[in-house]
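Chains as they are written, first to last, in our numbering: chain F, 1 to 109; chain D, 1001 to 1114. Since the structure comes first, as structure tokens, the remarks are kept for the end.
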């Protein structure tokens, strides 16, 4: 079965501090992993996809197949990073996204 | 084209009534998805279309739910005989049919069943 676990429902850090949002997945094959973000009163939007190996808004995420993790990191948090973050998985050959429950990130000034 | 649009944005209905939602995807996207999101949860997959063909349906999609995409452009999601448990945010998304393509979401339709 495909499953995505985000162990932290809430995460609060101070501005300028490093941020790590955890994501673990359960899938027997080679998945595609994504991070989506939802800012207040805005729609869900794609932040990162592992296949692109990109850095967006200072965020990076590395797929660790051994630990089945795809943690999202940023070295210096900014107040505008406050949002709801969802990790999502797409199985091999599959089209549907399987989402975690989400982590609400709050950056304190 | 400003992205995926959904109509209506909010719908309040009484139990037992039928409701229909519309989604207009990004014009060049041939895949269209419906998800449902309840409070405190991530979105859950309902169904998806490639062009006009409905290729996958979740077990969440009971017989009371039906989705169509008749011309491969916009899609409708109908819920018949609504129940209070149907109250949720219904999200539409679209994407290109390419590996690694992320899905672009609409603003959602919030359904409240009284």
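Backbone N, C-alpha and C define an ideal beta-carbon position, used for all residues, glycine too. Keep in mind that this is a model prediction, so the values were computed, not measured.
Is it true that the CB of residue 1105 of chain D sits closer than 8 Å to the CB of residue 1096 of chain D?
no
Check whether the Cβ atoms of residue 1093 of chain D and residue 1036 of chain D sit closer than 8 Å, and answer yes or no.
no
Per the contact definition of three or more C-beta pairs closer than 8 Å, is the stretch 68-81 of chain F in contact with the stretch 14-23 of chain F?
yes
Give me the Cα-Cα distance between residue 1109 of chain D and residue 1076 of chain D, rounded to the nearest whole angstrom.
12 Å
Would you say residue 1011 of chain D and residue 1019 of chain D are within 8 Å of each other, going by their C-beta atoms?
yes
Assuming residue 6 of chain F and residue 26 of chain F are in contact, meaning their beta carbons sit under 8 Å apart, how far apart are those beta carbons, in whole angstroms?
That pair is no contact at about 13 Å.
Interface residues of chain F around residue 1017 of chain D at Cβ under 7 Å?
Chain F residues near residue 1017 of chain D: none, gap ~27 Å exceeds 7 Å.
With C-beta atoms as the reference, is residue 1022 of chain D less than 8 Å away from residue 1065 of chain D?
no
Return the chain-ordered list of same chain residues with a C-beta closer than 6 Å to the C-beta of residue 103 of chain F, the five sequence neighbours on each side being excluded.
6, 8, 11, 21, 85
Please report the Cβ distance between residue 1058 of chain D and residue 1045 of chain D, rounded to the nearest whole angstrom; I am assuming they are in contact, meaning their Cβ atoms lie under 8 Å.
5 Å
Tell me residue 94 of chain F's beta-bridge partners as DSSP assigns them.
Residue 94 of chain F pairs with nothing; no bridge assigned.
Cross-chain neighbours of residue 45 of chain F in chain D, by beta carbon under 8 Å
1104, 1105
Check residue 1135 of chain D in the structure and name its three-state DSSP category.
Since the first residue of chain D shown is 1001 and the last is 1114, residue 1135 of chain D is not available in this structure.
Counting only beta-carbon separations shorter than 8 Å, does residue 72 of chain F have a partner in chain D?
no
Terminal residues of the beta strand (DSSP E) in which residue 1057 of chain D lies
1053-1057
Using a Cβ-Cβ distance cut-off of 8 Å, determine whether residue 86 of chain F contacts chain D.
yes
According to DSSP, is residue 79 of chain F part of a helix, a strand, or is it coil?
helix
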